Structures are given as structure tokens and as C-alpha cells.
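Here the structure is laid out as C-alpha cells; the discussion comes afterwards.
In C-alpha cells, the structure reads:
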């Protein structure tokens with residue numbers, strides 16, 4: 006299947022700093038990518054939908070000024086956690102779909118963020 | 638998208654078939670059934686999807702009942718590496734690809 010790559014796979018940062026996570030579709034173009042967050046022992050929660058060339062659409066309760074999403078090309082979306090706090094520590098996962106209609110989405114390997 | 642119901646956990650023996658049920662009684666005509674799995678500390682992995690016909694690929698088989706209100710994912714010969722959380726998700730083909738993950742079924746394959 007298609008490959009979606011995230012970088013970094015894990016990151017530790019200090020409170021108050023910002024962290025950028027990259028999501029790349031390696032062998033296909035993705036007009037839409039999705040960002041999820043997963044806390045320990047919980048399921049994935051959709052944070053936002055990233056659309057190439059336009060503003061991201063955020064789910065209810067997700068602060069758009071805190072979680073900045075940029076989708077500047079058909080193969081790259083970035084999520085920046087600004088002014089990170091310990092409660093932002095989580096597993097962040099992106100996905101992208103290839104094609105439209107009844108096709109599957111492919112997920113990145115996830116980024117483990119720890120804010121100290 | 639319609640809601641799904643899965644058992645919270647199940648065990649299976651290595652080498653045996655694992656049958657994972659999913660109930661989606663409110664599924665509508667244009668909604669597909671998707672299965673993903675998540676091995677610990679990794680991103681979800683696509684397994685299979687179908688609309689109304691049974692499907693098979695190199696990983697698994699998907700059996701959808703005629704009324705489409707339930708389905709079963711079959712792992713034909715479970716291995717220890719199949720230990721994961723398995724998610725059954727229903728999604729409309731016209732949906733912009735938001736996937737709503739429930740709690741899934743935690744499958745433990747035992748030697």
C-alpha cells in the first residue's frame with residue numbers, strides 16, 4: 006500500500022516551546038490529510054482536516070491557534086504544537102488518502118510528544 | 638457515519654483463525670465497512686474494506702451479512718504479530734475521509 010511518513014517519531018520538548026511534526030505522502034499525492042491525537046489507553050481522536058492550499062478545518066474543541074496546520078504541497082502537511090504544555094503530551098498521528106470515494110486511508114507511524 | 642459495536646477484547650491461539658465480529662445495524666446503502674488495526678505505539682494499519690460483497694486480500698477476509706448489519710473480519714492463521722487493537726469503521730464513500738475510531742477490539746494471540 007501507499008506510504009505515509011511522519012517525522013520525528015518521538016520528541017521531547019520543554020514547556021512553552023513549539024514543536025513541528027511533518028507528515029509526508031511518499032508515493033502519492035494527497036489533497037487531504039488528517040491529524041489525530043491519541044492519549045494512553047484511548048482511541049484516536051480526529052483533531053483537524055488539512056487541505057492543500059487552504060485553511061485546515063478543526064474539530065470542535067481543538068484550538069486552531071495552538072495546533073497550527075500547514076498543507077503547502079500535495080505531499081506534505083505539518084502540525085505545529087505552539088507553546089506546548091505537559092497536557093499536550095500525546096501520540097500524534099497523520100493520515101492521507103489516495104484517490105476518492107471508497108478508497109482506504111494510510112497512516113503515518115505516529116509521533117510521540119512528551120512535554121516536560 | 639453509522640456507529641459500530643465490537644467486543645472489547647478477545648484471545649485466540651497462534652495458528653488458528655481469528656474471527657472478529659462487528660455490528661453496524663444502522664449502516665446505510667452508501668457506507669463502506671473498513672477494518673484497521675493498531676499495533677502498540679504505531680499508527681493504524683489498513684486491513685481491508687468492503688461495501689456488500691465479501692472481500693479477501695493477503696491479510697484477511699471480510700464477510701458482510703446480506704442485510705449488511707454486521708460483518709466479520711477473519712485472520713486465517715493468527716500469529717503473535719497479529720496482537721493489536723482492531724477497529725471496525727463505517728464510512729460513507731462520499732465522506733471526505735474522516736475516520737471515527739471507536740474503542741475497537743483488543744486481540745491477543747497466544748502461543
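Protein chains in written order, with this note's numbering: chain R, 6 to 121; chain L, 638 to 748.
Think of the CB as a built atom: it goes at the ideal place given N, C-alpha and C, for glycine as much as any other residue.
Note that the structure is a prediction, hence the values are computed from the model and not measured.
Subject >> Rounded C-alpha distance that separates residue 9 of chain R from residue 114 of chain R >> reply: Taking the straight line joining both Cα atoms gives about 8 Å.
Subject >> Closest Cα partner of residue 663 of chain L within the set L:706, L:712, L:719 >> reply: Among L:706, L:712, L:719, the Cα nearest to that of residue 663 of chain L is on L:706.
**OP:** To the nearest angstrom, report how far apart residue 41 of chain R and residue 747 of chain L are at their CA atoms.
**Re:** Residue 41 of chain R and residue 747 of chain L: Cα-Cα distance of roughly 30 Å.
Original post:
Got a sec? Which residues, its chain only, sit under 8 Å from residue 687 of chain L by beta carbon, not counting five neighbours each side?
Top reply: Cβ contact annotation for residue 687 of chain L (same chain, cutoff 8 Å, sequence separation greater than five): 669, 670, 699, 701, 708, in chain order.
**OP:** May I have the straight-line CA-CA distance separating residue 47 of chain R from residue 38 of chain R, to the nearest angstrom?
**Re:** Those two C-alpha atoms are separated by around 22 Å.
Subject >> Beta-carbon neighbours of residue 111 of chain R, restricted to chain L and to distances below 7 Å >> reply: Simply 683.
Original post:
Can you give the Cα-Cα distance for residue 652 of chain L and residue 646 of chain L, rounded to whole angstroms?
Top reply: Roughly 18 Å separates the two Cα atoms.
**OP:** Note down, in chain order, every chain R residue with its Cβ under 7 Å from the Cβ of residue 679 of chain L.
**Re:** Neighbours of residue 679 of chain L on chain R, chain order: 114, 115.
**OP:** Taking only the alpha-carbon atoms, compute the straight-line gap between residue 21 of chain R and residue 31 of chain R and give it to the nearest angstrom.
**Re:** Going by C-alpha positions, residue 21 of chain R is about 32 Å away from residue 31 of chain R.
Subject >> Closer than 8 Å to chain R by CB, residue 686 of chain L >> reply: True, the Cβ-Cβ gap to chain R drops below 8 Å.
Original post:
Hey, quick one: how far does the beta strand (DSSP E) through residue 70 of chain R stretch, first residue to last?
Top reply: Run containing residue 70 of chain R: none; DSSP gives neither H nor E here.
Original post:
What are the boundary residues of the beta strand (DSSP E) that residue 687 of chain L is part of?
Top reply: For residue 687 of chain L, the uninterrupted beta strand (DSSP E) segment begins and ends at 682 to 687.
Original post:
For residue 56 of chain R, which beta-bridge partners are listed by DSSP?
Top reply: According to DSSP, residue 56 of chain R bridges with R:37.
Original post:
Any idea if residue 13 of chain R is buried or exposed, counting beta-carbon neighbours within 10 angstroms, 16 or more meaning buried?
Top reply: Within a 10 Å sphere around the beta-carbon of residue 13 of chain R sit fewer than 16 other beta-carbons, which makes this residue exposed.
**OP:** Report the rounded CA-to-CA distance for residue 97 of chain R versus residue 744 of chain L, giving the unit in angstroms.
**Re:** Residue 97 of chain R and residue 744 of chain L: Cα-Cα distance of roughly 23 Å.
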